[in-house]
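Residue numbers (full-length UniProt numbering): 1 to 501.
Glycine is no exception: its CB is placed at the ideal position from the N, C-alpha and C atoms.
Reviewing the structure listed below.
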Amino acid sequence: MRRMEEIDFFFFWRNLRKHYLWIVLAGVLCGVSAYLVCRYLVPPTYKAEISLFAWGGNPKYENENHLLPSAGPAADDADDARKPRELTQQDIIFGNLLVNDYKELLGSRNVSNEARRRLNLEYPELAEVPYRFEALVLNKTRFIKVSVFSQSTVKAEKAAQVIAEVFSESVEKFMKIKRVQVVDSPQVLGKVSPKTARVTVIAFLLGAGFVFGLFCLYDFFRYTLRNSDIVKAELDLPTIGMIGTCSEKQNANLACLTEKSDSYCFNHILEDFLLLQTNLQYSLPKKNRAQILVLTSAFPKDGKSFTSLNLALTLCGNSKRVLLINCDLRKAEYDYLDLPRQPGLVNFLLGEKKIDEVIHKNVLGTPLSVIRSGPIPPNPTRLLEIFQTSGILDELATRYDYIILDSPPCMNMADPLLLSKLADGTILVVNSRRTPVDAVRQVVDQLRKFDVNILGVVLNRYSAQTAGYGYGYGYGYGYGYGYGESKSSRKEKAKEKKEEA
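Listed below in structure tokens is the structure:
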């Protein structure tokens with residue numbers, strides 16, 4: 001698990017850059033699915049609206065058009081009587097008190113059932129079409145908006161009209177007030193759901209955000225040694241090598257096996273191992289005998305054997321005599337070298353063969369010598385104890401410049417501890433994209449308990465982008481190193497050489 005102080009903008013930005021294709025794909029799938037559902041599966045709902053004005057006053061005369069005959073003073077009194085009475089403070093207060101009564105009455109079962117009964121009688125062809133309505137009393141007014149929602153525009157409009165009629169009759173019947181008037185006739189305002197565009201955008205954002213969140217959670221809990229800063233902070237060890245990934249054109253097992261050529265061809269894996277070689281020269285003490293190195297890892301498939309073999313090939317490039325011993329007696333390695341599996345180290349430890357009979361010399365046309373593991377024994381740890389006490393490494397150290405011991409993984413095994421006591425230094429190989437920090441920390445603590453000289457950590461499958469750095473290499477495959485030649489000029493020179501040949 002990561003530390004909380006590491007959760008910053010760059011943490012999310014790295015995950016977005018690394019997984020943006022999956023994030024966009026998830027968003028598109030969710031958006032398209034939501035669009036198809038809204039377009040073809042969800043029936044549209046339309047809204048019709050009618051405005052009512054419910055006044056609760058009590059005018060002096062209900063019939064305002066009534067005229068009294070005669071003239072004179074009596075006629076003047078009649079003219080005054082025909083005029084509506086002015087609103088008083090009491091009328092306003094009384095009208096405001098009735099607002100909530102109107103709303104409750106409009107939402108009552110009496111109005112709802114009566115409206116449904118009339119609709120079914122007057123429009124039997126629309127009886128099966130469902131509808132619902134809402135009443136909204138505008139704030140501090142006596143205006144009421146009745147909104148009807150239905151899958152049929154005709155049903156919505158007719159229902160709004162019938163509900164207004166039933167409400168007006170109910171006010172007169174129950175509240176003894178005949179002051180409900182229709183301000184705006186029923187009108188269909190259009191489709192209100194589903195809002196296809198909005199739902200599609202929301203589905204896209206939710207789908208993309210959900211997948212992005214999953215990647216962030218995975219990265220948060222899957223805390224790996226992705227750069228040298230984390231190695232220093234978590235393990236207090238130096239990073240002596242950072243090995244990238246091989247391209248499709250390269251042999252993943254023999255990435256540092258270079259062919260002889262008149263011109264230099266950039267190989268970024270070889271450059272990584274050359275840097276590892278340089279760091280080792282400053283980490284190891286000067287000796288008149290072979291330097292013995294143990295390479296181990298926390299888990300299988302972290303790149304330990306790949307690093308061991310290519311480091312050996314890189315050291316051979318300096319005309320150094322290198323011996324690579326496969327000490328993982330539980331698993332056969334280096335089948336791609338076209339070497340016989342037997343005899344191997346197991347045959348020597350069992351006394352069946354002499355040491356010179358199990359050494360394969362000049363492997364792949366290089367000064368590299370290899371000892372394979374041999375047949376898988378029933379007691380690998382016991383044989384390694386024999387190897388530890390046999391003193392054979394002291395004899396071999398006089399013949400070679402470097403001896404590399406390819407050890408088994410360190411997690412829950414005693415084999416690497418036995419081998420590390422024979423070596424001048426131990427190198428811990430980790431997969432920078434996969435190996436959890438907690439597991440590597442446990443391995444380091446175990447090695448330190450036995451006073452093992454840990455030279456440092458090699459980050460395998462290293463990537464500058466996932467490591468959080470913004471820089472990159474200035475060279476690509478096939479680019480001349482230090483010559484300043486363009487790609488086109490190199491092609492022209494190659495063409496000229498081909499024509500001359």
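Output needed for Asn362: all residues of its chain with C-beta closer than 8 Å, excluding positions within five of it in sequence on either side, in chain order. The count along the sequence shown starts at 1 and reaches residue 362 at position 362. Taken in chain order, the residues that qualify are Leu368 and Ser369.
So Leu455 is in the beta strand (DSSP E); what residue range does that whole segment cover? By 1-based counting over the sequence shown, the position of residue 455 is 455. Counted as a single uninterrupted DSSP element, the beta strand (DSSP E) harbouring Leu455 occupies residues Ile454 to Asn460.
Nonlocal neighbours in the same chain, by C-beta distance under 8 Å from Leu16, ignoring five residues either side: Indexing the sequence shown from 1 puts residue 16 at position 16. Closer than 8 Å at the Cβ level, and outside the excluded window around Leu16, lie Ile23 and Phe212.
Answer with buried or exposed for Ala26, where buried requires no fewer than 16 other C-beta atoms within 10 angstroms of its C-beta. Translated into positions along the sequence shown, residue 26 becomes position 26. Counting C-beta atoms within 10 angstroms of its own C-beta, Ala26 has 16 or more neighbours from the protein chains shown and is therefore classed as buried.
Buried or exposed by the 16-neighbour rule on C-beta atoms within 10 Å, applied to Pro43: Numbered from 1 along the sequence shown, position 43 holds the residue referred to as residue 43. The residue is exposed, with fewer than 16 neighbouring Cβ atoms inside 10 Å.
In terms of alpha-carbon separation, which member of Leu280, Ile144, Ala156 and Pro238 lies closest to Val188? For the purposes of this step, residue 188 is taken as residue 188 along the sequence shown, with counting starting at 1. Of the candidates Leu280, Ile144, Ala156 and Pro238, the one whose C-alpha sits nearest the C-alpha of Val188 is Ala156.
For a test of the three-state rule: what should DSSP assign to Ile163, helix, strand or coil? As a first step, residue 163 is located in the sequence shown; it is residue number 163 there, counting from the start. Helix, per DSSP.
Helix, strand or coil at Asp338 [DSSP, three-state]: Counting from 1 along the sequence shown, the entry for residue 338 is found at position 338. Of the three classes helix, strand and coil, the one that applies to Asp338 here is coil, per DSSP.
Can Leu309 be considered in contact with the ligand SAH, in the sense that its beta carbon sits closer than 8 Å to one or more heavy atoms? In the structure shown, the ligand SAH is absent, as is every other ligand, since no ligand is present at all.
For Phe221, does the count of other Cβ atoms within 10 angstroms reach 16, so buried, or fall short, so exposed? As a first step, residue 221 is located in the sequence shown; it is residue number 221 there, counting from the start. Label assigned to Phe221: exposed.
DSSP three-state call for Ala75: helix, strand or coil? Indexing the sequence shown from 1 puts residue 75 at position 75. In this prediction, Ala75 has a pLDDT of 48, which is less than 50 and means its spatial position is unreliable; nothing more can be read from the coordinates.
Would you kindly work out how many angstroms separate the C-alpha atoms of Val129 and Gln151, rounded to a whole number? As a working note, residue 129 is residue 129 in the sequence shown. As a working note, residue 151 is residue 151 in the sequence shown. If I take the Cα positions, the gap works out to 7 Å.
For Ala48 and Pro186, I'd like the C-alpha separation in whole angstroms. Locating residue 48 in the sequence shown gives position 48, where the first residue counts as 1. Locating residue 186 in the sequence shown gives position 186, where the first residue counts as 1. Roughly 6 Å between the two C-alpha positions.
Taking buried to mean at least 16 other C-beta atoms within 10 Å of its own C-beta, is Ala197 buried or exposed? For this step, residue 197 is matched to residue 197 along the sequence shown. Classification of Ala197: exposed, given that the 10 Å Cβ count is below 16.
Under DSSP, the alpha helix (DSSP H) around Ser420 begins and ends at which residues? Here residue 420 refers to the residue found at position 420 when the sequence shown is read from its first residue. Taken as a continuous stretch (DSSP letters only), the alpha helix (DSSP H) holding Ser420 covers Asp415 to Ser420.
Inter-residue Cα distance where the pair is Asp302 and Lys331: Sequence index remark: in the sequence shown, residue 302 carries index 302 (1-based). Sequence index remark: in the sequence shown, residue 331 carries index 331 (1-based). Cα atoms of Asp302 and Lys331: separation of roughly 15 Å, rounded to the nearest angstrom.
Three or more C-beta pairs below 8 Å linking the segment 367-387 and the segment 290-298: Segments in contact, no.
Pairwise C-alpha distance: Asn460 and Thr398: Taking the sequence shown and counting its residues from 1, one reaches residue 398 at position 398. Taking the sequence shown and counting its residues from 1, one reaches residue 460 at position 460. Answer to the nearest angstrom: the Cα atoms are 31 Å apart.
Met411 by DSSP, collapsed to three states: which one? As a working note, residue 411 is residue 411 in the sequence shown. Coil.
C-beta atoms of Arg200 and Cys38 nearer than 9 Å: Along the sequence shown, read from residue 1 onward, the residue named residue 200 stands at position 200. Along the sequence shown, read from residue 1 onward, the residue named residue 38 stands at position 38. The sequence shown places Thr at residue 200, not Arg. Less than 9 Å divides the Cβ of Thr200 from the Cβ of Cys38.
According to the neighbour-count rule (16 or more other Cβ atoms, all chains shown, within 10 Å of its Cβ), is Val192 buried or exposed? As a working note, residue 192 is residue 192 in the sequence shown. With fewer than 16 other Cβ atoms within 10 Å, it is exposed.
Could you pull out every residue in the same chain whose Cβ sits closer than 8 Å to the Cβ of Asp328, ignoring the five residues on either side in sequence? Residue mapping note: residue 328 aligns to position 328 of the sequence shown, counting from 1. The answer, listed in chain order, is Ser305, Ser373, Asp406, Ser407, Pro408 and Asp415.
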